[in-house]
């Protein structure tokens, strides 16, 4: 399923264009390149917004990405349009700087790159049970919340700090070496400079991290930001991992933290990543999980509760694709495939048993 979203308002298009520019700055995957081309071809307003956002970016190397994605005739138009925008922006900034040399420095905040107000953001992102939603931060970072999730956002000119209070979220982070992006959950912090990762908080202590692009450093929540930032900027594949102030998780790896222990880093297959992150497309994928575990996962997306009254069916292995909140579809599948009957009580509980 494509992740290309339809945006209609000018503000939505600009937010999506800003997200694409930040992705281009860190480098697009092949799949993302295909998505971007599709998005630009949907509407000329998309391409125009992309060029406008590129003119404000501090790394003009994004043109190299554009040149790989569009035919030569389009590229000439892109370069001409881009150059005009950059020239106009440069003249405006030089003019402001020239005037500011003779008058009060209070004019400087009007320059986007120097405006601390634009780097400050505080808000609470939230979804209800069964709801999923996406948000774009003022730096271009894209955050997708799963069901029943609360995230507190606190951006400052020197840091980007978030707290996952409950639930699950995917973070597609805009690259900014001067401002690490940290998600704190419980007594752990997950920090990156520009990458994509997923954090799920189950209960009071169980936390799961899945890194799909880049790398994330897991540390104690009390670790100083200066130490974390220095580690991320200086660590490479040759670094002695025992010298790090935490655990480094790379793309395609998952870390599970429980109250009892911190499990070793697990290398995960593409299929497993797709199963674990299927919620981002509104789906749940089961591949041989016990029925009891599958029902626990389904319960996250609905106010309905399940109770297995027949122990014989608790360990039945279930597989398949289900819409996250499609309880009726799940029940119909259990009945047709496993001869499991159900009944509903007055308190939104569904009782499950083998149909004798």
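Residue numbers (the working numbering): 1090 to 1445. Using N, Cα and C, we set each Cβ at its ideal position, and we do this for glycine too. Just so we're clear, the structure is a prediction, and the values are computed from it rather than from any experiment.
Give me, in chain order, the residues of the same chain whose beta-carbon lies closer than 6 Å to that of residue i; leave out the 5 immediate sequence neighbours on both sides.
i	result
residue 1272	1251, 1253, 1279 and 1288
residue 1336	1307
residue 1295	1347
residue 1379	1404
residue 1383	1375 and 1407
residue 1399	1442 and 1443
residue 1130	none
residue 1138	1102, 1103 and 1106
Between the options, which has its C-alpha nearest residue i's C-alpha?
i	options	result
residue 1260	1129, 1303, 1398 and 1291	1303
residue 1429	1419, 1436, 1438 and 1435	1419
residue 1218	1208, 1238, 1138 and 1367	1238
residue 1290	1258, 1315, 1424 and 1249	1258
residue 1275	1267, 1256 and 1235	1256
residue 1113	1223, 1365, 1142 and 1388	1142
residue 1231	1285, 1268, 1269 and 1281	1285
residue 1102	1216, 1117, 1229 and 1120	1229
residue 1387	1324, 1214, 1125 and 1236	1236
residue 1362	1130, 1298, 1322 and 1400	1298
residue 1321	1397, 1281, 1107 and 1435	1281
residue 1364	1410, 1416 and 1390	1410
residue 1266	1311, 1319, 1215 and 1214	1319
Where do the N-terminal and C-terminal ends of the alpha helix (DSSP H) with residue i fall, by residue?
i	result
residue 1218	Unbroken run through residue 1218: none, as it is neither H nor E.
residue 1421	1416-1427
Please report the residue range of the beta strand (DSSP E) in which residue i lies.
i	result
residue 1409	1406-1412
residue 1263	Per DSSP, residue 1263 belongs to no beta strand (DSSP E) and is neither H nor E.
residue 1119	Here residue 1119 belongs to no beta strand (DSSP E); instead the alpha helix (DSSP H) covers 1119-1131.
residue 1280	1277-1281
residue 1401	Note, residue 1401: premise wrong, no beta strand (DSSP E); not H, not E.
residue 1389	Run containing residue 1389: none; DSSP gives neither H nor E here.
residue 1301	1295-1302
residue 1441	1438-1443
residue 1238	That residue, residue 1238, is in no beta strand (DSSP E); it is neither H nor E in DSSP.
residue 1227	Segment: none, residue 1227 is in no beta strand (DSSP E) and carries neither H nor E.
residue 1274	1270-1274
Which residues in the same chain have their Cβ closer than 8 Å to the Cβ of residue i, if we skip the five residues on either side of it in sequence?
i	result
residue 1402	1380, 1427, 1429, 1441, 1442 and 1443
residue 1392	1218, 1219 and 1437
residue 1128	1093, 1105, 1109 and 1135
residue 1248	1268, 1269, 1271 and 1314
residue 1163	Unreliable positioning characterises residue 1163 in this predicted model, as indicated by a pLDDT of 49, which lies under 50. The coordinate reading is nonetheless provided below. Once the five neighbours on either side are set aside, residue 1163 has no close Cβ partner at all.
residue 1416	1387, 1391, 1393 and 1439
residue 1246	1205, 1208, 1209 and 1268
Which whole-angstrom value is the C-beta distance of residue i and residue j, which I expect to be below 8 Å?
i	j	result
residue 1283	residue 1262	5 Å
residue 1222	residue 1234	5 Å
residue 1309	residue 1343	With a Cβ gap of about 20 Å, residue 1309 and residue 1343 do not count as contacting.
residue 1412	residue 1372	6 Å
residue 1377	residue 1356	Not really, about 20 Å apart at Cβ, beyond 8 Å.
residue 1439	residue 1395	5 Å
residue 1324	residue 1333	7 Å
Can you find the residues in the same chain that come closer than 7 Å, C-beta to C-beta, to residue i, ignoring five residues on each side of it along the sequence?
i	result
residue 1210	1226, 1227, 1242 and 1244
residue 1339	1300 and 1304
Within 7 Å (strictly less), CB to CB, does residue i reach chain B?
i	result
residue 1289	Any reference to chain B falls outside this structure, which holds one protein chain only.
### Message
Ignoring anything shorter than 4 residues, give me the alpha helix (DSSP H) runs that lie fully in the segment 1320-1379, in order along the chain.
### Response
The qualifying runs are 1359-1365.
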